[in-house]
Amino acid sequence: MAKDMANVKKYPIPYRSILAEKIEPGQTLIVQGKTFESAERFSINFHKDSADFSGVDIPLHLSIRFDEGKLGCKIATTKERAAIVLNSLAAGEWGKEERKSIPFKKGAAFDIRIRAHDDRFVIFCDHKEFKEFEYRLPLTYITHMSIDGDLDLANVHWGGKYY
Numbered sequence: 001m002a003k004d005m006a007n008v009k010k011y012p013i014p015y016r017s018i019l020a021e022k023i024e025p026g027q028t029l030i031v032q033g034k035t036f037e038s039a040e041r042f043s044i045n046f047h048k049d050s051a052d053f054s055g056v057d058i059p060l061h062l063s064i065r066f067d068e069g070k071l072g073c074k075i076a077t078t079k080e081r082a083a084i085v086l087n088s089l090a091a092g093e094w095g096k097e098e099r100k101s102i103p104f105k106k107g108a109a110f111d112i113r114i115r116a117h118d119d120r121f122v123i124f125c126d127h128k129e130f131k132e133f134e135y136r137l138p139l140t141y142i143t144h145m146s147i148d149g150d151l152d153l154a155n156v157h158w159g160g161k162y163y
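The letter at position 56 of the sequence shown is residue 56 when you use full-length UniProt numbering, and the numbering goes up by one with no holes.
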């Protein structure tokens, strides 16, 4: 992705969308933008029934957390380091977090792709496979999506199916 985003269209934040069709295996969500220099967090979420956090199921919560690990003199543990956290919300309860170190920096352009498969999402960061996340809720539950946080959002695109 180009590092100069001065002439790129920016989407409103928070970004909310209802999906025109159900997600199918092989489809990919592409999210491109640039984090703020002062970024603490941003998230990409797939929701059931509503694009908010009003207790509805969230089959995928992808949270980029730059603000974790700021512990002053104390050395951060693996759990406390800046990370991308993957989780889901089912029947009002958050599942077990899956974490991995952030592969990009504050103030930098990014390209995140979330590809649906039969039994899992595969997440790509800047065109490199980053992490797999097995479905905890059916793919058919996903009707809405949201993006929120400390970023300029330049592109949101659904595409592709298996051929």
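Note that beta-carbon positions come from the ideal geometry of N, C-alpha and C, so glycine has one too.
Compare the C-alpha of residue i against each of the options and name the closest.
i    : options               : result
F42  : I142, I147, V156, V31 : I147
E37  : L151, K128, A51, L89  : L151
P12  : N155, I58, I30, G159  : N155
R16  : A51, E24, T28         : A51
I23  : L153, T140, G149      : T140
E93  : L137, G149, F110, S63 : L137
R115 : I30, S63, A109, A91   : I30
L60  : G95, A82, E68         : G95
F121 : A39, T35, P25, K161   : P25
F53  : P14, K131, L153, E98  : P14
K48  : A39, E21, K34         : E21
G160 : F130, H117, V56, E129 : H117
Return yes when the Cβ of residue j is within less than 8 Å of the Cβ of residue i, no when it is not.
i    : j    : result
F46  : M145 : yes
F133 : L86  : yes
I84  : K100 : yes
Q27  : W158 : yes
I18  : T143 : yes
R81  : E68  : yes
First and last residue of the beta strand (DSSP E) that includes residue i?
i    : result
V156 : 151 to 159
F124 : 120 to 125
F110 : 109 to 116
R41  : 41 to 47
A90  : 83 to 90
E132 : 128 to 134
V31  : 28 to 35
L60  : 58 to 65
I18  : 15 to 18
E98  : 98 to 101
Measuring straight from C-alpha to C-alpha, what distance separates residue i and residue j?
i    : j    : result
Y135 : F104 : 25 Å
F110 : A91  : 32 Å
D126 : I64  : 14 Å
T78  : I102 : Residue confidence for T78 is low, a pLDDT of 44 falling below 50, so the modelled location carries little weight; the figure read from the coordinates is stated next. Rounded to whole angstroms, T78 to I102 spans 12 Å at the Cα level.
K128 : K10  : 24 Å
F124 : K34  : 16 Å
G107 : E40  : 11 Å
I56  : I44  : Note that residue 56 is Val in the sequence shown, not Ile. Straight-line Cα distance between these residues: approximately 15 Å.
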